[in-house]
Structure formats: C-alpha cells, structure tokens
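Positions 34 to 197 (this note's numbering) are the ones given, in order, by the sequence shown. Heads up, the beta-carbon is just placed ideally off N, CA and C, and yes, glycines get one too. Predicted model, so just to flag it, every value in this text is computed and none were measured.
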Amino acid sequence: MLEDMYVRGTQVNYYFVCKTKLWLFSKNVSMEQESDLVKLGSLLQRQFFGREEKDVSIGPIAIDVLRRGDEIEIVEVKKSDSIEKADYYQVLYYIYYLSKFGIKAKGRISYPKKKKVVEVRLEENKAIEEVLEKIAETLSGEMPKPEYKSYCRKCAYFEFCFCG
34 MLEDMYVRGT QVNYYFVCKT KLWLFSKNVS MEQESDLVKL GSLLQRQFFG
84 REEKDVSIGP IAIDVLRRGD EIEIVEVKKS DSIEKADYYQ VLYYIYYLSK
134 FGIKAKGRIS YPKKKKVVEV RLEENKAIEE VLEKIAETLS GEMPKPEYKS
184 YCRKCAYFEF CFCG
C-alpha cells in the first residue's frame with residue numbers, strides 16, 4: 034500500500050466531511066488559505082499549545098502538535114466537535130502513517146472551546162486501510178456532485194459548489 038503513504042490527513046478528514054471537497058482539494062483546487070475559520074483554528078492552536086512542538090511535517094502529513102516522551106503523542110486542535118468522526122480518522126491516519134515507519138504513537142484531539150479531549154489509538158489497520166481505499170476510488174473518478182449539508186455555508190468551497 035505504497036499509495037497510502039501519499040495521502041494527507043486533510044484528505045482523510047475531507048472524506049468524511051464532503052467527497053466534493055476531498056476531490057477538489059486533491060486536484061489542487063485549494064480555497065482554504067482564504068478561510069477565516071482556518072485562520073481561527075491556527076490561532077487556537079497557538080494559544081493553547083504555546084511552547085509545544087507545532088506544525089510538524091512528516092512526508093505528506095502535517096501534525097498540529099507533537100509531544101515526545103515514552104510514546105509519541107499527536108495532538109490535533111479543532112475548533113468544534115461537529116465533525117468528530119472526520120477528526121478521529123484524521124488522527125488515526127497519522128498514527129497509522131507513523132506505524133509504517135515503526136514509530137509507535139498515540140493521538141489526542143483537543144477541542145479547547147468545549148474543554149473536550151478525545152483519545153485515539155491504532156488498534157488495527159483494517160478500518161483506516163478501508164478508508165484509504167475509498168479515498169483512492171473517489172479520486173480516480175469524476176468530481177462527486179455536491180450534496181448540501183448544514184455546515185456547507187461555512188465551507189471555503191461553498192461558492193464553488195452552490196453559486197456557479
């Protein structure tokens with residue numbers, strides 16, 4: 034599964050959020066850099082994890098916060114838990130990715146505004162490998178038709194999908 038090594042965590046997250054967003058982002062149609070919500074997320078990360086090692090890139094993955102100890106801990110900082118399943122699989126993918134290099138890690142999703150923390154551990158590879166296969170299937174086809182969801186209006190791709 035060498036192709037798994039080139040998937041980014043954001044793509045795993047987008048697979049659960051919106052297949053159209055996943056497809057566009059993966060084809061280098063990136064609109065996130067203009068998003069105020071993305072900028073707010075970066076501010077939250079800096080505020081709550083000031084001295085930690087932040088924005089660590091390892092190959093195609095970019096981890097918000099990395100803590101070193103007996104076991105590496107990956108921390109993702111999220112503004113809201115409204116797409117918690119997507120956040121969970123994103124962190125699970127980071128742990129899976131590191132495991133391919135023999136690095137044992139655990140994960141944590143921090144929702145500072147809610148004072149909520151979700152622990153993530155890689156128990157088996159099967160679930161994340163299935164997701165990676167489905168991502169590959171999505172990206173090999175035509176752009177999926179946008180499906181309107183309650184959070185679409187806040188998305189950086191909203192105008193692309195629904196105002197054209």
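Check: For Val108, three-class secondary structure by DSSP; Outcome: strand
Check: Sheet register partners of Ile116 (DSSP bridge); Outcome: The partner list for Ile116 (beta bridge, DSSP) is empty, contrary to what the question assumes.
Check: Length of the line joining the Cα atoms of Arg154 and Phe134; Outcome: 16 Å
Check: Sheet register partners of Lys149 (DSSP bridge); Outcome: Tyr144
Check: The region 103–118 touching the region 54–63, judged by at least three CB pairs closer than 8 Å; Outcome: no
Check: Pairwise C-alpha distance: Lys112 and Ser143; Outcome: 9 Å
Check: C-alpha gap between Ser115 and Val89, whole angstroms; Outcome: 25 Å
Check: Buried/exposed call for Tyr39, threshold 16 Cβ in 10 Å; Outcome: exposed
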